[in-house]
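Residue numbers (numbering that gives the first Met the number 0), protein chains in the order written: chain C, 0 to 693; chain D, 0 to 693. Glycine included, C-beta positions come from ideal geometry on N, C-alpha and C. Okay, structure first, notes after.
There are 2 protein chains.
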Amino acid sequence: MKPVAAAIVSLAAGIALGLCAVAAAAVTVASPNGDIVVTISDEAGIPSYSVSFRDEQVIKSSRLGMRFKNAPGLDRGLAIASSAAASKDETWEQPWGERRFVRDHHNELFVEFAAADNAPRRLGVRFRAFNDGVGFRYEVPRAKNFKTDEVTNEMTEFVVDESARVWWIPARYWNRYEYLYRESSASDELTSHTPMTLKTPSGAHLSIHEASLVDYSAMALRQIRPGRFKAELAPWSDGALVKFDAPLVSPWRTIQISPDAKGLLNSSLILNLNEPNKIGDVSWFEPGKYVGVWWEMHIRDSSWGMKPLHGATNENVRRYIDFAAKYGFNGVLVEGWNLGWDDDWFGNGKVFDFTKSYPDFDLSALAAYAREKGVRLIGHHETGGAATHYERQMDDAFKLYEQNGVHVVKTGYVADGGGIQRIDEKGIERFEWHDGQFMARHHLEVVKAAARHKIAINPHEPIKDTGLRRTYPNWVAREGARGQEYNAWGPPPNPPEHEPTIAFTRMLAGPMDFTPGIFDLEPNKRAPVREDMTRSDPKIRVETTLAKQLALYVVLYSPIQMAADLPENYERRRDAFQFIVDVPTDWEESVGLAGEIGDYVVMARKRRGGDDWYVGAVSDEKSRDVAVDLAFLDEGKTYVAEIYRDGAKADWKTNPYDLVIEKKKARRGEALRVRLAAGGGAAIRLTPATEQAP
Amino acid sequence: MKPVAAAIVSLAAGIALGLCAVAAAAVTVASPNGDIVVTISDEAGIPSYSVSFRDEQVIKSSRLGMRFKNAPGLDRGLAIASSAAASKDETWEQPWGERRFVRDHHNELFVEFAAADNAPRRLGVRFRAFNDGVGFRYEVPRAKNFKTDEVTNEMTEFVVDESARVWWIPARYWNRYEYLYRESSASDELTSHTPMTLKTPSGAHLSIHEASLVDYSAMALRQIRPGRFKAELAPWSDGALVKFDAPLVSPWRTIQISPDAKGLLNSSLILNLNEPNKIGDVSWFEPGKYVGVWWEMHIRDSSWGMKPLHGATNENVRRYIDFAAKYGFNGVLVEGWNLGWDDDWFGNGKVFDFTKSYPDFDLSALAAYAREKGVRLIGHHETGGAATHYERQMDDAFKLYEQNGVHVVKTGYVADGGGIQRIDEKGIERFEWHDGQFMARHHLEVVKAAARHKIAINPHEPIKDTGLRRTYPNWVAREGARGQEYNAWGPPPNPPEHEPTIAFTRMLAGPMDFTPGIFDLEPNKRAPVREDMTRSDPKIRVETTLAKQLALYVVLYSPIQMAADLPENYERRRDAFQFIVDVPTDWEESVGLAGEIGDYVVMARKRRGGDDWYVGAVSDEKSRDVAVDLAFLDEGKTYVAEIYRDGAKADWKTNPYDLVIEKKKARRGEALRVRLAAGGGAAIRLTPATEQAP
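In structure tokens form, the structure reads like this:
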């Protein structure tokens, strides 16, 4: 173990003056490689910190602190009273993930700020400096007059260069996280969800986020002056930000730092700041691919409810099960199977019953039919945002699924911003944010209840991901961004730059159930299946090439990946579909190879427990050439590269189906050059040549 | 009295169904002239309203309602239970103002929404329809389980056409109201203070604001979807929005409506929705003009504190008193007279003492010297935002000023957003917004305390104006926008479009102490008076012509108007200064003649109790010709027009001092044509010709 890099700079002066806060103290902690240095100060009695990266001050002096409802604030009149250093270098294994082994290598400094008036209050802040960034969290001990209380203001700031570029989506707005990312200047007014990604004038890339959001409100970032972003916590319906019984331990506030965009793709900092697995063996959860009764509702071939044209019928579900079995997929999602969909459920999810099927859907018969073929049904619980209503039913609902061999349940919280229904202790209906403390608690309650039934959870309209899959590895994926569904009904559909943007923003938080693999890129141009099943505006379409749809399986990580299109559309393009059949969803290693935010991204991933590698590259609205450096391959081994790339005339708008599939020999030390069309992409499978021999 | 225009459309249906909210009810109230119709509905159990203006639905169906901390929300599951109509047409007199007589002519409808479950809760909403707009407020009666409570969400919406244009400044941002106005689309995300001004695609102009903000938090408007603006109340430091003992009566939510921009200038709706005078005779307050020890600090000729160079010295103040007396001004403001300015007061106003002068400032001697010359000192209380600290001293402070014949006190609340210091019941320091309920209460406490000492109040960094000058006519002016001071230090200074923008936004709320009349337009280009008194960036200057500075005295209404520049700068331009000497600050009538938001504005005002009229016209960065229609003059009378206008080569940037002063005969039926330069303006005095005879 290396010696701890933390150093106490001028703390002695503070102590000598009896903490009267006349002389400011400062302490520092550096990353193991020394590139990152955090300086913590109490100048003018204000707890604050700054972060330098290779001599650039990427976070300028920024406030720390908290204010409370019943107790005096811990945000001014404070002095550093003590600090304690520690260090760690260990490697841990994920049960599933984007990489099997994760190295947690950091130096730690725990700093206690005390009131200058010697009141018995203490603000503890624990800092961890990694080679890929910084995390810190508040730890406020229980004390006389500090027991049950509320956080009324978290003062945490992140001050960056005023001219930094910022990629963000709005927080405290109407609809969860489902927005197109915007690019702004740090001088522009904005309130952003996290992860928020920044690029400083010198080219350093930062992602500000949080880790281990367990019993706290989600942090958004509000620009309060040019370059100055302040924590803005999602309030409870009664205005409280966080309700707690002391001691208060906040989530980790995180700043991932890289000299380039691709470095952000290779950070495991968020996972490292979460607690180890608390639910034990999850081998019952198998990463894999799935199809389902889903896209057909979005394009209005069928409906969730009985009216006008029910999709979740026994006959239709068997068709999907047969298809999944034929191609080795392990899951079939069925939405619209339970009672409630024909009622006015939007924003009123209390109409849903999670144990009662529609009459044309026989759960146990279909589940048995699937199991015989080596497939599992994937369950579905749309709550319409009625969280308390769901909590009351979920144990029975999970039990029913467990009895039918279901191991994954997709949940849903379709309700506008501020619209999660909670019934309080008095029976009064309240409306909470999707990312408030109530929902942080709710989602974990659901995940824990599901774990007791050996069920993994994939929430849509969720709270954001803060790496809790490490602690609760049955929390396997989630939505929390604009997914493929927007290409069915928009408006607008996801533009070509969407995927190379979310790769560097939303995806830094964790797995996303994006549902890639749409092959019929203009479904709204097809004739309706029935007169009363009108399609969306035909201008709304998938704004990618076919090759890009394949590349998304590698670029956007999730342990469960849907092949979202209709079976017949895959049968029609068996050639392209082969990549989806081949691509795994669980990885030994993942490497971000190249990219720029919103322009393009190239990822390589190695099958967990295998020798084959997969490369995905996607572009924005511009065509471009990328050179895939094959440095990740084994030395001296020959591989066969199966390349699924855009044809010479491919273009998402004019010629999206122009796909070339070709094989080439490939070796480490070489670079594979591929051209990405406008809105295009490339998907590559690399297998050791011997395995390919006939 | 005209018959009431309110009509009950389908209420009977609702009653017949026992309020089970199956059939929606709707009631309407129309303006006296019938142009404006408000429709109130309970469709789907949601209380809502819409507003039409000459057959255009200017406010589409918009939610009403409230949510509370301890009681169930009154925002859904409601039905219209009763409605009661009334009507009024009366004219009342202002003690001072932009017009002497104000006509209050409206139809009223009080609507009660009741819970469909027959719970004893009621949401009352009182609507008033005027010819110039609509006001409505909530009235929630006291009931069992509804006594002491908190508002946790006000659901009020204002839904406009998605492509409407919006002029706005950000709310919940760092610095009060001191921003440049931005022009956006109603489809853009924004959170705006009120008044927020809109222009619909058809050309209708709306101003959304509030009236009579007495014991409630200020309402900002948050765009929550394209075209949909929702009330966002400034929270207390503990997260509560409004604390109340039932009954709860909200301020009036107001929508002023006009077919054109200038119509907004002629509305008295805000005043009409305030209560009549509650403090009795205020004849001790005399509208007038003042000079003061102020601009010299902003341009760093002197300082507020003793260091580096005290401005409020006996000698200097006497110089201003002499100047005021010479030209018939009735006030001399002195800032920096009291102890505290040399301490670190910014955000820490507890250092100020409001009864102790600096040793080189003799309050009683100077006040006596002024009174002898027919001038009054104008007092100054900068609180640095320490509101509780000020409340504890203000009675003594007002008494001291009263003893010295001071009748106007300028207060100040310089503290960043969220930075008003409040000491709570437990002695804990809290930080409140400038526009939260605490400050609504605080300002009224100050105004009432001042009234007991015959003192008028002019707060800077105030809460916004909601017309309370009608009820408390010693609340004579305030800041609450970017004033002239920004032209001393910016950055940036106010651009040329600033004044023709605030005329249609901020000024719709009420009087502003803008402090016009700067004659040396590039003060930062002058040599510093001492080496350690460095000026601001010389690029920061007044971006107007000299003529425009004169026009502001007519365009921007306040009963107290500063001649903000140094006496020597006025002496140097006695020709131009004559307009400031002549222009009154109290009016018989005011008429908005022409204008477009952010482009230009032309106002005419008639001296209260006199026959002379004054016209002010200001332009943005473009030069333009305006034709002043003299229809406001008396029929058959000849007037002499003294015109102070931009010269042919005037331009704020290249030639700002090019001023032409000329006299012309003028009569009703004619139009005076004047050219406004880029960043220019015109000021015109019209006096009956006989009075001008020698």
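Amino acids of chain D, ordered along the chain, whose beta-carbon sits closer than 7 Å to that of residue i
{"i": "Trp173/C", "result": "Ile223, Arg224"}
Contact belief for residue i with residue j at Cβ below 8 Å, rounded distance in angstroms
{"i": "Val241/C", "j": "Glu156/C", "result": "In fact, because the Cβ distance is near 18 Å, the residues do not count as touching under 8 Å."}
{"i": "Ala70/D", "j": "Asn144/D", "result": "6 Å"}
{"i": "Pro721/D", "j": "Leu122/D", "result": "Look at the range of chain D in this structure, 0 to 693, and you will see that residue 721/D is not part of it."}
{"i": "Glu620/D", "j": "Pro495/D", "result": "4 Å"}
{"i": "Thr584/D", "j": "Ser557/D", "result": "7 Å"}
{"i": "Leu332/D", "j": "Lys355/D", "result": "With a Cβ gap of about 19 Å, Leu332/D and Lys355/D do not count as contacting."}
Contacts of residue i in chain C (Cβ-Cβ under 8 Å)
{"i": "Lys146/D", "result": "Per Cβ cutoff of 8 Å: no residues; Lys146/D is ~15 Å from chain C at best."}
Any C-beta of chain C under 8 Å from that of residue i
{"i": "Pro491/D", "result": "no"}
{"i": "Ile427/D", "result": "yes"}
{"i": "Gly238/D", "result": "yes"}
{"i": "Pro307/D", "result": "no"}
{"i": "Tyr421/D", "result": "Reading the sequence as shown, one finds Arg at residue 421/D and not Tyr. Cβ-Cβ to chain C under 8 Å: no for Arg421/D."}
{"i": "Thr193/D", "result": "no"}
{"i": "Asn721/D", "result": "As shown, chain D starts at 0 and ends at 693. That puts residue 721/D outside it, with no answer to give."}
{"i": "Lys68/D", "result": "yes"}
{"i": "Trp344/D", "result": "no"}
Cβ-based neighbour list, residue i, same chain, cut-off 6 Å, excluding 5 preceding and 5 following
{"i": "Met561/D", "result": "Tyr289, Thr514"}
{"i": "Arg53/D", "result": "Asp34"}
{"i": "Pro522/D", "result": "Ile298"}
{"i": "Arg175/D", "result": "His433, Glu460"}
{"i": "Gly489/C", "result": "Ile539"}
{"i": "Lys59/D", "result": "Ser49, Val158"}
Residue-level contact to chain D via CB, residue i, 8 Å cutoff
{"i": "Glu424/C", "result": "no"}
{"i": "Pro494/C", "result": "no"}
Same chain, Cβ closer than 8 Å to residue i, neighbours up to 5 away in sequence not counted
{"i": "Arg317/D", "result": "Leu365, Tyr368"}
{"i": "Ala439/D", "result": "Leu212, Val213, Asp214, Tyr215, Ser216, Ala217, Ile462"}
{"i": "Gly330/D", "result": "Gly287, Lys288, Tyr289, Val290, Gly291, Ala323, Val374, Arg375, Leu376, Ile377, Val407, Ile559"}
{"i": "Arg171/C", "result": "Thr190, Ala219, Glu231, Ala233, Gly416, Trp432"}
Residues that residue i contacts on chain D, provided the C-beta gap is smaller than 8 Å
{"i": "Glu188/C", "result": "Pro169, Tyr172"}
Contact set between residue i and chain C, taken where Cβ atoms lie within less than 7 Å
{"i": "Pro234/D", "result": "Gly238"}
Chain-order list of residues whose beta-carbon lies under 7 Å from that of residue i (same chain, five-residue window excluded)
{"i": "Val37/D", "result": "Thr27, Val28, Tyr48, Val50, Phe126, Ala128, Val133"}
{"i": "Val138/C", "result": "Per the sequence presented here, residue 138/C reads as Glu, with Val not at that position. Cβ neighbours of Glu138/C beyond the five flanking positions: Gly123, Arg125, Pro246, Val248."}
Exercise. In chain order, what residues of the segment 604-632 of chain C put their CB closer than 7 Å to some CB of chain D?
Worked result: Listed in sequence order: no entries.
For this session: Could you please tell me which residues of the segment 69-89 of chain D, in chain order, have their CB closer than 8 Å to any CB of chain C?
Result: Ala70, Pro71, Gly72
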